[in-house]
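Before any comments, here is the structure.
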């Protein structure tokens with residue numbers, strides 16, 4: 001199912017390592033010119049309810065991805081037109097990172113972990129935001145992983161090898177584990193993709209016997225169900241969260257930035273390992289979210305990444321949910 | 001220019017006094033069920049740059065306005081369809097309050113002041129958010145007022161009479177002052193509108209000799225220009241903020257909630273004192289913002305109320321600017 005060629009492999013490798021962004025975007029310049037503490041931005045967390053469950057979006061900054069070469073099957077002017085329509089820069093697009101923390105059934109559950117201390121200089125703010133939201137890494141019970149690209153798993157382990165969530169049970173999709181932890185796959189992989197395999201070993205190797213592998217489709221925590229969404233990576237998995245009449249879907253990387261890929265679901269980012277499978281999954285989940293009016297969280301949507309999907313022409317729109325001070 | 005009838009007058013009176021909302025909306029219920037401190041929402045402020053100027057949106061909560069009777073010239077099903085398209089509740093719409101703080105030319109300038117301690121139970125969070133953003137009310141140099149409806153001026157003076165910003169110069173649009181501070185106007189006004197006149201005296205009476213009245217059209221603070229936008233109230237005024245190539249417009253109440261009135265600029269909220277003048281101003285400023293791609297802040301847009309206006313059919317869309325952790 002997973003077809004790898006050299007160009008795709010390099011893109012996946014870059015994603016896995018979350019290489020520093022090229023500083024072509026003004027947002028990068030602004031991030032580097034740090035303001036004094038008194039003038040700091042509000043912390044990047046946002047809480048809301050799904051039935052009785054409290055979820056918290058935690059931001060881990062962003063990565064300024066040069067637009068050229070980002071999309072396999074669209075011409076640059078079309079991509080730039082989509083960015084202009086969203087009032088985004090057209091040279092490098094700021095791609096945000098947003099994980100989700102779920103308080104459910106007396107347990108503290110994380111979905112994905114952010115970049116840790118391995119990402120672009122404009123990322124790495126996850127832990128500060130997580131603590132500002134009132135959470136303690138030592139009290140995390142469960143961590144659900146959507147897939148093994150570096151921006152989703154590197155928060156589990158610091159560069160120096162330290163495990164960040166010492167008491168958490170880690171659950172990963174079995175097909176994702178089977179792909180990235182296969183020595184045979186690694187040895188067959190092109191040079192540019194090796195980083196993703198090596199990084200998976202760096203993160204999971206020391207705890208390989210303890211990591212719980214699940215087959216997507218069943219309940220993985222109270223009120224949380226895994227949803228097979230293979231294509232972006234071999235075992236890419238989404239999560240449904242339900243309580244009472246409340247319901248939402250953690251869409252993970254079903255789309256990259258919504259201004260491009262919710263709007264144009266047939267476009268393929270170079271990060272998609274199997275473009276055709278990813279496109280089919282994207283169409284299916286966007287259509288389901290729009291039809292059922294389900295609340296969604298995309299990992300790469302603008303913070304707080306809390307919204308709804310509406311049909312619009314041949315694509316969709318992500319309609320942000322209104323911010324509210326109450327929870 | 002200003003035509004008053006009883007129905008409009010009562011609506012204007014309600015706005016001026018910011019009467020407690022009818023708790024028909026689930027958001028209200030949530031706000032009342034306060035979460036413990038550790039699980040609090042992130043503070044409602046958001047900072048960004050306009051050239052060298054730093055602006056900070058400060059949220060003052062919201063008011064759940066029953067939808068029935070809110071719009072003069074649209075049928076209820078059409079209004080509810082617009083709310084459904086925006087994934088908002090259709091019984092009572094949560095109308096947010098967002099002021100702006102501008103750090104310009106070494107001065108701390110506020111635009112409007114929020115509800116103070118006179119608003120709905122779901123509002124009144126302004127001071128906590130202002131302080132969380134690193135500001136001190138004693139250090140405010142200048143306060144610019146867009147118009148005299150209570151949700152914009154009541155933050156200047158507590159119910160017990162205390163002046164909240166003891167060292168600030170207060171600047172107000174001269175035509176707004178002329179209308180609300182006229183005893184003749186007050187005595188002629190219908191009963192339901194008296195509150196707005198009385199409240200203006202409560203807030204400005206003790207400092208009447210010190211309040212600076214400006215004729216809209218000129219510079220009122222470094223980089224800040226006032227823009228006549230009469231209609232919503234007799235002296236309703238917007239503010240342009242410019243620095244280098246950066247530019248934005250504080251739209252005040254040129255529209256009420258964008259999901260209704262940016263989308264349908266010909267609809268008239270009952271709060272508009274002169275519906276025809278307000279509609280003409282709304283069309284003119286929305287068209288200008290869309291044509292020039294100017295960043296805008298609407299007082300009643302969802303926090304952080306930072307976005308752009310795009311033409312869409314016979315109306316417009318408010319496209320939120322992407323949240324960024326840097327300033």
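Chains as they are written, first to last, in this note's numbering: chain P, 1 to 327; chain E, 1 to 327.
Where is the CB? At the ideal position from N, CA and C, for every residue including glycine.
Bear in mind the structure is a predicted one, so any value in this text is a computation, not a measurement.
Contacts that residue i makes with chain P (C-beta to C-beta distance below 8 Å)
| i | result |
| --- | --- |
| residue 45 of chain E | 42 |
| residue 320 of chain E | 302, 320 |
| residue 173 of chain E | In chain order: nothing, as chain P lies at least about 29 Å away. |
| residue 94 of chain E | 322, 324 |
Whole-angstrom distance between residue j and residue i, CA atom to CA atom
| i | j | result |
| --- | --- | --- |
| residue 29 of chain E | residue 323 of chain P | With a pLDDT of only 37 at residue 29 of chain E, under 50, the local geometry of the prediction cannot be trusted, and no value is derived from it. |
| residue 216 of chain E | residue 317 of chain P | 39 Å |
| residue 271 of chain P | residue 232 of chain P | 7 Å |
| residue 230 of chain P | residue 281 of chain P | 7 Å |
| residue 69 of chain P | residue 284 of chain P | 26 Å |
| residue 235 of chain E | residue 175 of chain E | 5 Å |
| residue 23 of chain E | residue 243 of chain E | Since pLDDT at residue 23 of chain E reaches only 34, below the 50 mark, its modelled position is unreliable, and the value read off the structure follows with that caveat. Roughly 43 Å separates the two Cα atoms. |
| residue 221 of chain E | residue 154 of chain P | 48 Å |
| residue 206 of chain E | residue 179 of chain E | 18 Å |
| residue 72 of chain E | residue 304 of chain E | 28 Å |
| residue 197 of chain P | residue 181 of chain P | 7 Å |
| residue 240 of chain E | residue 89 of chain P | 23 Å |
| residue 164 of chain P | residue 261 of chain P | 32 Å |
| residue 202 of chain P | residue 195 of chain P | 10 Å |
| residue 126 of chain E | residue 314 of chain P | 42 Å |
| residue 327 of chain E | residue 48 of chain E | 5 Å |
| residue 40 of chain P | residue 132 of chain P | 13 Å |
| residue 276 of chain P | residue 124 of chain E | 51 Å |
| residue 298 of chain E | residue 237 of chain P | 39 Å |
| residue 346 of chain P | residue 245 of chain P | This structure does not reach residue 346 of chain P, given that chain P is present from 1 up to 327, and the question cannot be answered. |
| residue 81 of chain P | residue 311 of chain P | 19 Å |
| residue 116 of chain P | residue 112 of chain E | 41 Å |
| residue 58 of chain E | residue 224 of chain P | 35 Å |
| residue 169 of chain P | residue 149 of chain E | 55 Å |
| residue 321 of chain E | residue 308 of chain E | 7 Å |
| residue 159 of chain P | residue 200 of chain P | 13 Å |
| residue 278 of chain E | residue 286 of chain E | 12 Å |
| residue 105 of chain E | residue 186 of chain E | 39 Å |
| residue 156 of chain P | residue 141 of chain P | 13 Å |
| residue 35 of chain E | residue 325 of chain P | Low confidence applies here, because residue 35 of chain E scores a pLDDT of 37, under 50, leaving its location unreliable; read the following figure in that light. Rounded to whole angstroms, residue 35 of chain E to residue 325 of chain P spans 11 Å at the Cα level. |
| residue 76 of chain P | residue 99 of chain E | 39 Å |
Residue i: contacting residues in chain P (beta-carbon distance under 7 Å)
| i | result |
| --- | --- |
| residue 323 of chain E | 302, 303 |
DSSP beta-bridge partners of residue i
| i | result |
| --- | --- |
| residue 46 of chain P | P:57 |
| residue 288 of chain P | DSSP, once it has assigned bridges, lists no residue as partnering residue 288 of chain P. |
| residue 104 of chain P | P:107 |
| residue 219 of chain P | P:225 |
| residue 317 of chain E | E:310 |
| residue 293 of chain P | According to DSSP, which records beta bridges pairwise, residue 293 of chain P is partnered with nothing at all. |
| residue 94 of chain P | P:64 |
| residue 328 of chain E | Look at the range of chain E in this structure, 1 to 327, and you will see that residue 328 of chain E is not part of it. |
| residue 204 of chain P | Note: residue 204 of chain P sits in no beta bridge, so no partner. |
| residue 298 of chain P | P:252 |
| residue 99 of chain E | E:58 |
| residue 197 of chain E | Bridge partners of residue 197 of chain E: none, in fact. |
| residue 213 of chain P | P:172 |
Chain E residues whose Cβ lies nearer than 8 Å to that of residue i
| i | result |
| --- | --- |
| residue 118 of chain P | Near residue 118 of chain P there are no residues of chain E at all, since even the closest Cβ is about 18 Å away, more than 8 Å. |
Neighbour list for residue i in chain P, Cβ cutoff strictly below 9 Å
| i | result |
| --- | --- |
| residue 39 of chain E | 47, 54, 56, 103, 133, 134, 327 |
Chain E contact residues for residue i, given Cβ-Cβ distances below 9 Å
| i | result |
| --- | --- |
| residue 125 of chain P | 325 |
Cutoff 9 Å: residue i Cβ touching any chain C Cβ
| i | result |
| --- | --- |
| residue 122 of chain P | The displayed structure is made up of protein chains P and E, and chain C is not among them. |
Under 8 Å (Cβ pairs) to chain P, residues found in the segment 76-87 of chain E: 85, 86, 87
Could you tell me which uninterrupted beta strand (DSSP E) segments, each at least 3 residues in length, are contained entirely in the segment 114-194 of chain P, listed from first to last along the chain? With a minimum length of 3 residues, the unbroken runs of beta strand (DSSP E) contained wholly in the segment 114-194 of chain P fall at 142-144, 169-173.
Which ranges does the beta strand (DSSP E) cover as unbroken runs of at least 3 residues, wholly within the segment 224-266 of chain E, from first to last along the chain? Considered as a whole, the segment 224-266 of chain E harbours 224-228, 237-243, 246-252 as its complete beta strand (DSSP E) runs of no fewer than 3 residues, in chain order.
Against chain P: residues of the segment 46-68 of chain E by CB proximity under 8 Å: Within the segment 46-68 of chain E, the residues whose Cβ lies closer than 8 Å to some Cβ of chain P are 46, 47, 49, 54, 59, 61, 62, listed in chain order.
Give, in chain order, every residue of the segment 212-241 of chain E whose Cβ lies closer than 9 Å to some Cβ of chain P. Under the 9 Å Cβ criterion, the segment 212-241 of chain E contributes no residue.
Pull out every residue of the segment 245-259 of chain P whose Cβ sits closer than 7 Å to any Cβ of chain E, in chain order. none
Members of the segment 305-318 of chain E that neighbour chain P once the beta carbon cut-off is set at 8 Å: 307, 308, 310
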